[in-house]
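Peer 1: Before we start, here is the structure in question, set down as structure tokens.
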Amino acid sequence: MIEEPAHPLSKYLRAAMMPHIWCSGCGNGIILNCFVHALNEMQMNLDELVVVSGIGCIGRIAGYINVDSFHTTHGRPIAFATGVKLANPKLEVVVISGDGDLFAIGGNHFIHAARRNIGIKVICANNFNYGMTGGQQGPTTPLEASTATTPYGNIEHPFNLVHLAAASGATYVARWTTLHVRQLTQSIKKMLQKEGFCFIEVVSPCPEIFGRRNRMRSGLEMMKWFEKASVVENFSDPAKAEITPEKIVIGEFVEIEKVTYERLLLDKIAKISEEREK
Amino acid sequence: MLNMTKKLTVLSGVHFMSGDIACAEGAIAAGCKFFAGYPITPATEIAEHMALRMPEIGGIYLQMEDEIASMAAVIGASYTGLKAMTATSGPGFSLMQENIGLATMTEAPCVIVNVMRGGPSTGQPTMPGQQDVMQARWGSHGDYEIIALTPSYVQEMFDLIVEAFNLSETYRVPTILLADEVIAHMWGKVVIPPPEGIKVVNRKKPNVPPEKYLPFMPDDDLVPPMACFGEGFRFHATGLTHDEHGYPQTQSSEAQTKLVRRLCDKIRKNADKIIRVEEIMLEDADVVVITYGIVARAALSAVRRARENGIKAGLLRLITLWPFPERHVAKIAEQVNMIIVPEMNCGQMVREVERAAKETPVVFLPKLGEEPHTPTEIFEAIRRNSQ
Numbered sequence: 001m002i003e004e005p006a007h008p009l010s011k012y013l014r015a016a017m018m019p020h021i022w023c024s025g026c027g028n029g030i031i032l033n034c035f036v037h038a039l040n041e042m043q044m045n046l047d048e049l050v051v052v053s054g055i056g057c058i059g060r061i062a063g064y065i066n067v068d069s070f071h072t073t074h075g076r077p078i079a080f081a082t083g084v085k086l087a088n089p090k091l092e093v094v095v096i097s098g099d100g101d102l103f104a105i106g107g108n109h110f111i112h113a114a115r116r117n118i119g120i121k122v123i124c125a126n127n128f129n130y131g132m133t134g135g136q137q138g139p140t141t142p143l144e145a146s147t148a149t150t151p152y153g154n155i156e157h158p159f160n161l162v163h164l165a166a167a168s169g170a171t172y173v174a175r176w177t178t179l180h181v182r183q184l185t186q187s188i189k190k191m192l193q194k195e196g197f198c199f200i201e202v203v204s205p206c207p208e209i210f211g212r213r214n215r216m217r218s219g220l221e222m223m224k225w226f227e228k229a230s231v232v233e234n235f236s237d238p239a240k241a242e243i244t245p246e247k248i249v250i251g252e253f254v255e256i257e258k259v260t261y262e263r264l265l266l267d268k269i270a271k272i273s274e275e276r277e278k
Numbered sequence: 279m280l281n282m283t284k285k286l287t288v289l290s291g292v293h294f295m296s297g298d299i300a301c302a303e304g305a306i307a308a309g310c311k312f313f314a315g316y317p318i319t320p321a322t323e324i325a326e327h328m329a330l331r332m333p334e335i336g337g338i339y340l341q342m343e344d345e346i347a348s349m350a351a352v353i354g355a356s357y358t359g360l361k362a363m364t365a366t367s368g369p370g371f372s373l374m375q376e377n378i379g380l381a382t383m384t385e386a387p388c389v390i391v392n393v394m395r396g397g398p399s400t401g402q403p404t405m406p407g408q409q410d411v412m413q414a415r416w417g418s419h420g421d422y423e424i425i426a427l428t429p430s431y432v433q434e435m436f437d438l439i440v441e442a443f444n445l446s447e448t449y450r451v452p453t454i455l456l457a458d459e460v461i462a463h464m465w466g467k468v469v470i471p472p473p474e475g476i477k478v479v480n481r482k483k484p485n486v487p488p489e490k491y492l493p494f495m496p497d498d499d500l501v502p503p504m505a506c507f508g509e510g511f512r513f514h515a516t517g518l519t520h521d522e523h524g525y526p527q528t529q530s531s532e533a534q535t536k537l538v539r540r541l542c543d544k545i546r547k548n549a550d551k552i553i554r555v556e557e558i559m560l561e562d563a564d565v566v567v568i569t570y571g572i573v574a575r576a577a578l579s580a581v582r583r584a585r586e587n588g589i590k591a592g593l594l595r596l597i598t599l600w601p602f603p604e605r606h607v608a609k610i611a612e613q614v615n616m617i618i619v620p621e622m623n624c625g626q627m628v629r630e631v632e633r634a635a636k637e638t639p640v641v642f643l644p645k646l647g648e649e650p651h652t653p654t655e656i657f658e659a660i661r662r663n664s665q
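Those protein sequences? They're chains A and B, same order as listed.
To convert, note that position 223 of the first sequence is 223 in my numbering; the numbers rise steadily by one, no gaps.
In my numbering, each number is its position in the second sequence, counted from 1, plus 278.
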């Protein structure tokens, strides 16, 4: 008998939670893969990492990563993560969730966490629809796209997530697709090394639920769209970073230094404590 | 950052305080290190006082974007090892229900103060009410149990929030301090004991190494020991139905039955240890007033006046509202001819009293609007019903 060697990344995953729930062709596994590769390359101390997710297909990711993890109510991972980060600012707190969770039901929490510049790192899997509930229209569904609740074509304008994040005050903003695994992994590493509120949007294929209604029946067809349409425009105006059938603007859009909420809070507490000691 | 002098934490001595401030000081004395909230009348003074005091004791005050976020942040802080609370009133309490359910499901110790005002909806923000009694019990979806305490005195805003923290830490359950606007805004004498005179309970910690830790495996008391984020246990928690590992079990009837039964039983089977009532002049009573909060004070006056008039009246003051003191009510119901329940609502706790009282007649005295019941109103009801 030849002993099967352990996969070098298996320590990052909870084997007991496998198999995962994701469909074939889904981009969530690629995001998970890039995330644990980033952790591995950084030799991240897993005891100091907390992963928080919300509801939706990608919401199950918190359970798959072998760190302290919490699967919150729908839309609330950032608000929950805010409590974690302030209760112990030494912890690295990462939120991984979907476009509906973070920008529809949880949109208010996103913009306020970015405004405060609290040191939470957010990764959004943008698959253009609510996959888990069967493919309804969401806050990033493109105009005219067909979904379970827009059978005659979507008439709502979608959010431009990188523009929203930049305008709300995020200190690092990037967008990649699941085709751009190297760039995404490097971007995650950069984000984990940065202070303050950081955001990465990952344009992700959902062939089973979204693609098949929009003439992209397989994961491969969706990835071909990403390949054909993606254009790297680093540090271009995020307001103009479109996602259309013809063009997906990807790259890093924001990388700035700004004092974090937790730093201001701890300094304030230290100052008050010093005054009281006198 | 969280090490400060004990002197600043517990303001031992005799004070003249509002109920809201007494509540904030009680929370601090109980070990609260995290407050997240959103301004709302008549609970805002708790947040304001926490904003002043938390930095002094090395704690966190955080104003969130709404009450949904406040409750979520409280659970996050609780899971990261801090005693955490929020304070609100009816409209905010409605928004918190979603994550009160999450705290129940994930067994996050935390305290929620609801200073009740007149509802429904925006209602009468500066007027008192007791209209959230059933919402406190049943407000979130699904089957669960919580603990709710209700103060009748400014001193009890201090005493009962300490107890609320202790109960929430003991049973890993959200515990609600259900105050009314009158007690919260009333100023009165508050005696804060020395730190050694205040009983403070902390959650059970695991006594096994991380590889053997099952985050939702209960002890004999039905409560699992609680590790915290960042301690190396690397555990998972979810609002989904889960097993002892914390892993989702969305298809198993057995897992659903086992978990939800335990979440209910850990409170139901410990109800006798949790429940507190005040029994006044009950030994020989023919008629008893059962009530709580500010109304209990008018009722006490009324009962005393009834005694002066030769009527054998007594008072059962409910300090614990949930779990409902069913045994106490059933016992007094066997003894008396009549039960009178005054409440500042259209009939909430009276339903529970009727259920426990069985055959004994129950008279309900509703009251809505700016003033609680007067002693005379309750006295007249006692007199009418004891002839």
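Every residue, glycine too, gets a C-beta built ideally from N, C-alpha and C.
Is there a Cβ from chain A that is less than 8 Å from the Cβ of F513 of chain B?
Peer 2: Residue 513 of chain B sits at position 235 when you count from the first residue of the second sequence. Yes - at least one Cβ of chain A is within 8 Å of the one on F513 of chain B.
Peer 1: Would you call the stretch 393-404 of chain B and the stretch 326-340 of chain B in contact, with 3 or more CB pairs under 8 Å?
Peer 2: no
Peer 1: Using DSSP with H/G/I as helix, E/B as strand and the rest coil, what is K467 of chain B?
Peer 2: In the second sequence, residue 467 of chain B corresponds to position 189, counting from 1. Strand.
Peer 1: Would you give the residue range spanned by the beta strand (DSSP E) that V479 of chain B belongs to?
Peer 2: Your numbering for residue 479 of chain B matches position 201 in the second sequence. No beta strand (DSSP E) contains V479 of chain B, which DSSP labels as neither H nor E.
Peer 1: Does DSSP put C23 of chain A in a helix, in a strand, or in coil?
Peer 2: Here the question's residue 23 of chain A lines up with position 23 in the first sequence. Looking at C23 of chain A - three-state DSSP - the assignment turns out to be coil, as it is neither helix nor strand.
Peer 1: Confirm, please, whether the CB-CB distance from N615 of chain B to D564 of chain B is below 8 Å.
Peer 2: Taking the first residue of the second sequence as position 1, residue 564 of chain B is located at position 286. Taking the first residue of the second sequence as position 1, residue 615 of chain B is located at position 337. Remark: C-beta atoms of D564 of chain B and N615 of chain B approach each other more closely than 8 Å.
Peer 1: Please report the straight-line C-alpha distance between C26 of chain A and L220 of chain A, rounded to a whole angstrom.
Peer 2: Position 26 of the first sequence, counted from the start, is the residue given in the question as residue 26 of chain A. Position 220 of the first sequence, counted from the start, is the residue given in the question as residue 220 of chain A. Cα-Cα distance, rounded: 10 Å.
Peer 1: I'd like to know if the stretch 51-71 of chain A and the stretch 84-94 of chain A are in contact, where contact means that at least 3 CB-CB pairs between them fall below 8 Å.
Peer 2: yes
Peer 1: Could you work out which residue in A:S168, A:F103 and A:C57 is closest to H20 of chain A when comparing CA atoms only?
Peer 2: Along the first sequence, one-based indexing puts residue 20 of chain A at 20. Checking every option, the nearest Cα to that of H20 of chain A belongs to A:C57.
Peer 1: Might you give, ordered along the chain, the residues of its own chain that have their beta carbon closer than 6 Å to the beta carbon of E233 of chain A, omitting 5 neighbours on each side?
Peer 2: Numbered from its first residue, the first sequence carries residue 233 of chain A at position 233. Same-chain partners within the cutoff: V249 and G251.
Peer 1: Is the shortest distance between the beta-carbon of R76 of chain A and the beta-carbons of chain B less than 8 Å?
Peer 2: As a first step, residue 76 of chain A is located in the first sequence; it is residue number 76 there, counting from the start. So yes, R76 of chain A belongs to the interface.
Peer 1: Can you tell me which residues form a DSSP beta bridge with K361 of chain B?
Peer 2: Here residue 361 of chain B is taken as the residue at index 83 of the second sequence, counted from 1. Answer is B:C310.
Peer 1: Okay, do the stretch 446-465 of chain B and the stretch 525-545 of chain B touch, 3+ Cβ pairs below 8 Å being the bar?
Peer 2: yes
Peer 1: Mind checking the stretch 5-29 of chain A against chain B and listing, in chain order, the residues whose C-beta falls within less than 8 Å of any C-beta there?
Peer 2: Taking a C-beta cut-off of 8 Å against chain B, the contacting residues of the stretch 5-29 of chain A are R14, A16 and M17, listed in chain order.
Peer 1: Taking only beta-carbon atoms, is H419 of chain B less than 8 Å away from chain A?
Peer 2: Locating residue 419 of chain B in the second sequence gives position 141, where the first residue counts as 1. Output row for H419 of chain B: interface = no.
Peer 1: On the three-pair Cβ rule with 8 Å, is the stretch 354-369 of chain B touching the stretch 483-502 of chain B?
Peer 2: no
Peer 1: Of the residues A:K228, A:A166 and A:P207, which one's Cα is nearest the Cα of S236 of chain A?
Peer 2: Residue 236 of chain A sits at position 236 when you count from the first residue of the first sequence. Here the closest residue by C-alpha is A:A166.
Peer 1: In the stretch 434-466 of chain B, which residues sit with their C-beta less than 7 Å from some C-beta in chain C, listed in chain order?
Peer 2: Annotation note: the requested chain C is absent from the structure, which comprises protein chains A and B.
Peer 1: At what residues does the beta strand (DSSP E) containing I568 of chain B begin and finish?
Peer 2: Taking the second sequence and counting its residues from 1, the one referred to as residue 568 of chain B is at position 290. Segment V565 to T569, the beta strand (DSSP E) holding I568 of chain B.
Peer 1: Go through its chain and collect everything with a Cβ distance to C388 of chain B's Cβ below 7 Å, but skip five positions before and after it.
Peer 2: Walking along the second sequence from the start, residue 388 of chain B turns up at place 110. Closer than 7 Å at the Cβ level, and outside the excluded window around C388 of chain B, lie V352, I353, S356, A362, M363, A381, S446 and P452.
Peer 1: For a test of the three-state rule: what should DSSP assign to A166 of chain A, helix, strand or coil?
Peer 2: Here the question's residue 166 of chain A lines up with position 166 in the first sequence. The answer is helix: DSSP assigns A166 of chain A an H, G or I state.
Peer 1: What's the C-alpha gap between G379 of chain B and H419 of chain B?
Peer 2: Against the second sequence, residue 379 of chain B aligns to sequence position 101. Against the second sequence, residue 419 of chain B aligns to sequence position 141. One C-alpha to the other measures close to 7 Å.
Peer 1: Return yes when the Cβ of F128 of chain A is within less than 8 Å of the Cβ of Y172 of chain A, no when it is not.
Peer 2: As a first step, residue 172 of chain A must be located in the first sequence, where it is residue number 172. As a first step, residue 128 of chain A must be located in the first sequence, where it is residue number 128. No, Cβ-Cβ distance for Y172 of chain A and F128 of chain A is not below 8 Å.
Peer 1: Cβ atoms of E195 of chain A and V162 of chain A: under 8 Å apart, would you say?
Peer 2: As a position in the first sequence, residue 162 of chain A is number 162, starting the count at 1. As a position in the first sequence, residue 195 of chain A is number 195, starting the count at 1. Not closer than 8 Å, so no.
Peer 1: Quick one: residues in its chain with C-beta nearer than 7 Å to the C-beta of R554 of chain B, no 5 flanking neighbours on either side, listed in chain order?
Peer 2: Your numbering for residue 554 of chain B matches position 276 in the second sequence. Correct list, in chain order: I597 and T598.
Peer 1: Helix, strand or coil for R115 of chain A per DSSP?
Peer 2: The residue given as residue 115 of chain A occupies position 115 in the first sequence. Residue state, collapsed to three classes: helix.
Peer 1: Would DSSP call E255 of chain A helix, strand or coil?
Peer 2: Position 255 of the first sequence, counted from the first residue, corresponds to residue 255 of chain A. Note: E255 of chain A maps to strand in three-state DSSP.
Peer 1: Using a threshold of 8 Å, state whether the C-beta atoms of P653 of chain B and A576 of chain B are closer than that.
Peer 2: By 1-based counting over the second sequence, the position of residue 653 of chain B is 375. By 1-based counting over the second sequence, the position of residue 576 of chain B is 298. Cβ atoms of P653 of chain B and A576 of chain B: closer than 8 Å.
Peer 1: Would DSSP call F159 of chain A helix, strand or coil?
Peer 2: On the first sequence, position 159 is the one that residue 159 of chain A refers to. F159 of chain A falls in the coil class under three-state DSSP.
Peer 1: Quick check: what's the CA-CA separation for V641 of chain B versus D550 of chain B?
Peer 2: Here the question's residue 641 of chain B lines up with position 363 in the second sequence. Here the question's residue 550 of chain B lines up with position 272 in the second sequence. Going from the Cα of V641 of chain B to the Cα of D550 of chain B covers about 27 Å.
Peer 1: Exposed or buried, N281 of chain B, counting other C-beta atoms within 10 Å across all chains shown (16 or more means buried)?
Peer 2: Taking the second sequence and counting its residues from 1, one reaches residue 281 of chain B at position 3. Residue placement at N281 of chain B is flagged as unreliable, the pLDDT there being 47, under the threshold of 50; the coordinate-derived value follows with that caveat. N281 of chain B is exposed by the Cβ-count criterion.
Peer 1: Taking V50 of chain A as the query, report the chain B residues whose CB atoms sit under 7 Å from its CB, ordered along the chain.
Peer 2: Position 50 of the first sequence, counting from 1, holds the residue named residue 50 of chain A. Within chain B, F507 have C-beta atoms less than 7 Å from the C-beta of V50 of chain A, given in sequence order.
Peer 1: Touching or not, the stretch 464-483 of chain B and the stretch 622-640 of chain B, by the rule of three or more beta carbon pairs under 8 Å?
Peer 2: no
Peer 1: Taking R182 of chain A as the reference, which of A:W22, A:E41, A:A145 and A:T149 has the closest Cα?
Peer 2: Here residue 182 of chain A refers to the residue found at position 182 of the first sequence. Ranking A:W22, A:E41, A:A145 and A:T149 by Cα distance to R182 of chain A puts A:E41 first.
Peer 1: Buried or exposed for F210 of chain A, going by 16 or more other Cβ atoms inside 10 Å?
Peer 2: As a first step, residue 210 of chain A is located in the first sequence; it is residue number 210 there, counting from the start. With a 10 Å radius around the Cβ and a threshold of 16 neighbouring Cβ atoms, F210 of chain A comes out buried.
Peer 1: So does the stretch 435-444 of chain B actually touch the stretch 604-621 of chain B, counting three or more Cβ pairs closer than 8 Å?
Peer 2: no
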